[in-house]
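Residue numbers (the working numbering): 1201 to 1731.
Glycine residues also receive a C-beta, built at the ideal position from the N, C-alpha and C atoms.
As the structure is a computational prediction, the values presented were derived from the model and not from experiment.
See below for the structure under consideration.
Written as structure tokens, this is what we have:
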């Protein structure tokens, strides 16, 4: 083989001979001092691989390694002539091992071996690239997975003292790094989950119309402001306008102002010429200075939340445009929204990695919703495809080193379960209408891959709470809440790999697309909505 051809296939003959000479000359201690033990596959030459395999065999049998013992072993294994005979072993021994050259030789062997692995993976990818039926995003994703999942390319971690590891762990528990603490504004949810943990896949599921997207969007918006880390929200169902409407409604509800509408100041107009909910009609002479100053004072604090201006301009009061989009500026948050349909997990991974390169480590990824994702591959049935997608989402969370919330639908079977008792073979059983892990739609692997599974349970759905099963006071409260647009819901943490499960009482304000934890008054027993 010519020198040019050997160079093109990533090979160093001298380095390979040098390491073999170190073993044959009985100076294995020089290798041990390096702390990196070669493997047969690190050698490119077939003869060198076979010699090293015989060396390993002698070591495992407890024999000393020298020219005589190695020659005998190769002869017994009928490999001596194949590797070039005893004369070739003598040729290898012409190299004189010294510590500095041994370390360089071992690292060279490993480096070239890994480069050959990468070259082989690239060759396979080139072959796939010529298949025009392959999705471009999946080609990139496939190449990356071959690299990251190739066990031969992974480096072993160094051994360490348990006491040191334990000390580091205790310090991290009591003094968590800010960038590792990803919290939303729902304190009870943070308490149960221990925050949104990096590398974790969180499934958020319910039947349609029970607040999945609202809750996920609320959390995404909260994390973007609280952590100041980039948050990626992938909506495969709604477009950006629909999502922005929900965000504005939610934020306006919390602050008593709705940025979707202009502000009414009926007290300013002597003629009270205002249009319901928004647009103000005025004519010259209808505004008084005192009324304007009162309005400026009244909305001063709220203005600071929404507007860049230090004070409220009179003209803003005249035309009702008090609010601006200052709260959603890049300076204050990094919520990034994609409304592209027909995405695969590979597409999402590429977009997230690009976002991470541009903006920094991600704080959260939200996908709405799992059943709309494509796999980019052909499967015999949808069950197998969802299984593959579910597993890919878990890998995505680990690769991105951030929490991933995947919204999921529940199967229709839950709608047929009504609260009550059924009798089977003369035995009575209580029927629980609340969702359970087996209700996750189209795949049982979702619950296996997920680190946490959270269900939203609407307490006012007919199947869950009909008027016939309620007390008079409960019926009155239900009707009152529905009139106000309040829907009591429960967040049911049914799986939590890192801690306890539990139920959190929430209130879903459907009109303003906002979800909030309930606080019960011990004196009155009434639900307090802190909005």
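Practice item. Would you please state the rounded distance, in angstroms, between the beta carbons of residue 1424 and residue 1535? I believe it to be under 8 Å. Key: 4 Å
**Study point:** Residue environment, residue 1648, which counts as buried when at least 16 other CB atoms sit within 10 Å
**Key:** exposed
Practice item. For residue 1333, count neighbouring Cβ atoms within 10 angstroms of its own Cβ and tell me buried if that reaches 16, exposed if not. Key: exposed
Review point. Which residue's Cα is closest to the Cα of residue 1402: 1408, 1415, 1409?
Key: 1415
Exercise for review: Confirm, please, whether the CB-CB distance from residue 1563 to residue 1690 is below 8 Å.
Suggested key: no
Review point. Within 10 angstroms of its Cβ, does residue 1387 collect 16 or more other Cβ (buried), or is it exposed?
Key: exposed
Review point. Between the beta-carbon of residue 1196 and the beta-carbon of residue 1240, is there less than 8 Å?
Key: Since the first residue of the chain shown is 1201 and the last is 1731, residue 1196 is not available in this structure.
Exercise for review: Please work out which residues of its chain come closer than 7 Å, Cβ to Cβ, to residue 1248, disregarding the five sequence neighbours upstream and downstream, and give them in chain order.
Suggested key: 1216, 1220
**Study point:** Cβ neighbours of residue 1651 in the same chain (closer than 6 Å, five flanking residues each side left out)
**Key:** 1400, 1401, 1697
Exercise for review: Please go through the same chain and pick out, in chain order, the residues whose beta-carbon is closer than 8 Å to the beta-carbon of residue 1598, but skip the five residues on each side of it.
Suggested key: 1399
**Study point:** Nonlocal neighbours in the same chain, by C-beta distance under 8 Å from residue 1325, ignoring five residues either side
**Key:** 1339, 1342, 1343, 1346
Review point. Among all the DSSP beta bridges, which residues are the ones paired with residue 1657?
Key: 1690
Exercise for review: Pull up the DSSP beta-bridge partners for residue 1568, would you.
Suggested key: 1435
Review point. With residue 1572 and residue 1410 assumed to form a contact (beta carbons below 8 Å), what rounded beta-carbon distance in angstroms separates them?
Key: Wrong, their Cβ atoms sit about 17 Å apart, outside the cutoff.
Point to revise | Bridge partners - residue 1708, DSSP secondary structure assignment | key: 1687, 1715
Point to revise | Beta bridge counterpart(s) of residue 1606 as assigned by DSSP | key: 1403, 1567
Exercise for review: Count the other CB atoms, across all protein chains shown, that sit within 10 Å of the CB of residue 1418; report buried if there are 16 or more and exposed otherwise.
Suggested key: buried
Practice item. Just mark residue 1605 as buried or exposed, buried being the case when its beta carbon has 16 or more other beta carbons within 10 Å. Key: buried
Review point. Is residue 1546 near residue 1430, with beta carbons less than 8 Å apart?
Key: no
Exercise for review: In the DSSP assignment, find the beta strand (DSSP E) that holds residue 1537 and state where it starts and stops.
Suggested key: 1535-1538
**Study point:** Buried versus exposed call for residue 1701 [16 or more other C-beta atoms within 10 Å across all chains shown]
**Key:** exposed
Point to revise | Element boundaries [alpha helix (DSSP H), containing residue 1552] | key: 1545-1559
Practice item. Sort out for me which residues DSSP pairs residue 1695 with in a bridge. Key: 1653
Practice item. Look up residue 1528 in the DSSP assignment and say whether it is helix, strand or coil. Key: Residue placement at residue 1528 is poorly supported in this model, since its pLDDT is 49, which falls under 50; the coordinates still yield a value, given next. Three-state result, residue 1528: helix.
Check your understanding: What is the DSSP secondary structure of residue 1285, reduced to helix, strand or coil?
Key -> helix
Exercise for review: Buried or exposed for residue 1281, please, with buried defined as at least 16 other CB atoms from any protein chain shown within 10 angstroms of its CB.
Suggested key: exposed
Practice item. Since I believe residue 1435 is in contact with residue 1589 (beta carbons under 8 Å), could you give me their beta-carbon distance rounded to a whole number of angstroms? Key: Contact doesn't hold; Cβ gap of about 17 Å is too wide.
Review point. Over what stretch of residues does the alpha helix (DSSP H) that includes residue 1248 continue unbroken?
Key: 1246-1260
Check your understanding: Counting along the chain, where does the alpha helix (DSSP H) carrying residue 1591 start and finish?
Key -> 1582-1600
**Study point:** Cβ-based neighbour list, residue 1309, same chain, cut-off 8 Å, excluding 5 preceding and 5 following
**Key:** 1212, 1215, 1216, 1219, 1238, 1242, 1243
Review point. Pick from 1271, 1260, 1640, 1279: whose alpha carbon is nearest that of residue 1246?
Key: 1279
Review point. Per DSSP, residue 1307 is paired with what?
Key: Residue 1307 pairs with nothing; no bridge assigned.
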